[in-house]
DNA sequence: ACAAAAGTGTTATCCTTACACCCATGT
DNA sequence: ACATGGGTGTAAGGATAACACTTTTGT
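Residue numbers (my numbering), protein chains in the order written: chain A, 1 to 242; chain B, 243 to 484.
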């Protein structure tokens, strides 16, 4: 999507309000892993407001499909892993004063759109895993900038998005053994040490090296490949793939 | 709520459509336990359609509060255990031909309400536990009958409600150790055998008597009381409470 | 005394945890 | 040869599962 005139976009969006579901949104907690850090994609508006990538549901679109589309529109990837983890429906989950801050000029010129934006929204949270190297962040019509943030050093987030991220991380940790963490977040070939670092980052605690290796290998999900000679003065590790 | 004239109710409901959230509903999987059977409350319409008790969300009402209200309106209980387990958002989750069947006369006389009813709904599923003996099923304005059904002998359900129940049971089983099963579903005082039967019913498999007793007592959640002399030719069991 | 069900005990097995040992590699 | 990290080994502790034994009750 090219960057277009803001007012044109607003007008077009307003005209299409009857094609999307009212009062419901989707927020995506998109995880990636780079440089031993677990990261979440956030948008950063001109007014210094940070938020999760999100969007709305078309009338003829499944909830899951809408989440897939939102991910695609944002990071250019098709068919990534998605997991619906919770629906947030408190009346006061969105602080309207933050909306005013978000788009002052906007509200005056387009009252219908403004009213829509200030109406009540229930949002369904999806978490997803994307490979950091495959992501090409797509521009949106507002020229909003999107950036990866370490989950342990998040800036202040708009509305209840902090809460949404925390619930996503909690879900991630509790279902760690059943989610495709490694196959989604690691490069095609990786060492056991890299995989362990990923798990340690997610759980935010150290794991025993020997036990971790045994546990992972026992699951029979990995193929062992040639050794990686990266030139350290030590035994070379095997490379693995899923 | 008294039973009122159907058309009066429809008119009143239609006039209040702007006070409830569009396109979103709640469906409740209300569990109880009686006579060694795990039961779910279903409504039964005149047209032989069975469905989960559900409802809508007021504009100024939290999603969780709406679920609490729906439970209260249905079984007359306040503050029961509630757990949001999934949000169902497929476009075709509701088969409109079943709606036609549901309320034929209705649709002709009130086109606005009919259109609303046939619009798209995303529904959030809540599961809850109620004590069978405390429930007093409340009449609704349609004079719908509500009945308990064993989860293992459910009739055909409307829309995707079968799917919703299955997801609820799956959630129930996977979180068995963290949910207040016993304290919500059993009478105030009960024997270990009764509690074991409850667990066996939920998991749909036999458990070892000795191991079950140790596991439960190890958690230190139960108080042991006097023995129950019910007159069988065998050792009398202790009574327990939470 | 006996049957039936409740309470407790015993044992094998598995999983987890902690840590030790040896191996491969580049300096 | 030696330091460094990688792969594997081992032993203790706890949880689980299967089943045996003992106790209490009414007939």
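The C-beta atom is built at its ideal place from N, Cα and C for all residues, glycine as well.
Just so we're clear, the structure is a prediction, and the values are computed from it rather than from any experiment.
query, result
"Beta-carbon proximity list for residue 328 (chain B), same chain, < 6 Å, skipping 5 on both sides", "367 and 409"
"Where residue 464 (chain B) meets chain A, residues with beta-carbon distance less than 9 Å", "Here the premise fails: no neighbours, minimum Cβ distance about 26 Å."
"Segment limits, beta strand (DSSP E) that includes residue 38 (chain A)", "37 to 44"
"Residue nearest to residue 434 (chain B) in terms of C-alpha spacing, selected from B:469, B:335, B:353 and B:272", "B:469"
"Residues that residue 264 (chain B) contacts on chain A, provided the C-beta gap is smaller than 7 Å", "22 and 23"
"Exposure of residue 269 (chain B), with buried meaning 16 or more beta-carbon neighbours within 10 Å", "buried"
"Supposed close pair residue 465 (chain B), residue 439 (chain B) - CB separation, criterion 8 Å", "In fact, because the Cβ distance is near 20 Å, the residues do not count as touching under 8 Å."
"Burial state of residue 378 (chain B) (16 or more Cβ within 10 Å)", "exposed"
"Beta-bridge partners of residue 29 (chain A), as assigned by DSSP", "A:127"
"Integer-rounded CB distance, given that residue 59 (chain A) should sit under 8 Å from residue 21 (chain A)", "6 Å"
"Residue 319 (chain B) and residue 312 (chain B) closer than 8 Å at C-beta", "no"
"Buried or exposed by the 16-neighbour rule on C-beta atoms within 10 Å, applied to residue 362 (chain B)", "buried"
"Cβ contact check for the stretch 281 to 297 of chain B and the stretch 373 to 390 of chain B: 3 or more pairs under 8 Å", "yes"
"Outcome for residue 460 (chain B) when other beta-carbon atoms lying within 10 angstroms are tallied against a minimum of 16", "exposed"
"Segment limits, beta strand (DSSP E) that includes residue 468 (chain B)", "465 to 469"
"For residue 215 (chain A) and residue 265 (chain B), the rounded distance between their alpha carbons", "46 Å"
"Residue 386 (chain B) - containing beta strand (DSSP E), residue span", "Looking at the DSSP string, residue 386 (chain B) is not in any beta strand (DSSP E), and its letter there is neither H nor E."
"Partner residues on chain A for residue 365 (chain B), Cβ-Cβ distance less than 7 Å", "Within 7 Å Cβ-Cβ: nothing; residue 365 (chain B) doesn't reach chain A, min ~10 Å."
"CB contact below 8 Å: residue 271 (chain B) versus chain A", "no"
"Proximity below 8 Å, CB of residue 244 (chain A) to CB of residue 182 (chain A)", "Here chain A comprises residues numbered 1 to 242, so residue 244 (chain A) is not present and cannot be evaluated."
"Sequence-distant residues of its chain with Cβ nearer than 7 Å to residue 279 (chain B) (five each side left out)", "392 and 443"
"Helix, strand or coil at residue 217 (chain A) according to DSSP, with G and I counted as helix", "helix"
"Inter-residue Cα distance where the pair is residue 428 (chain B) and residue 127 (chain A)", "37 Å"
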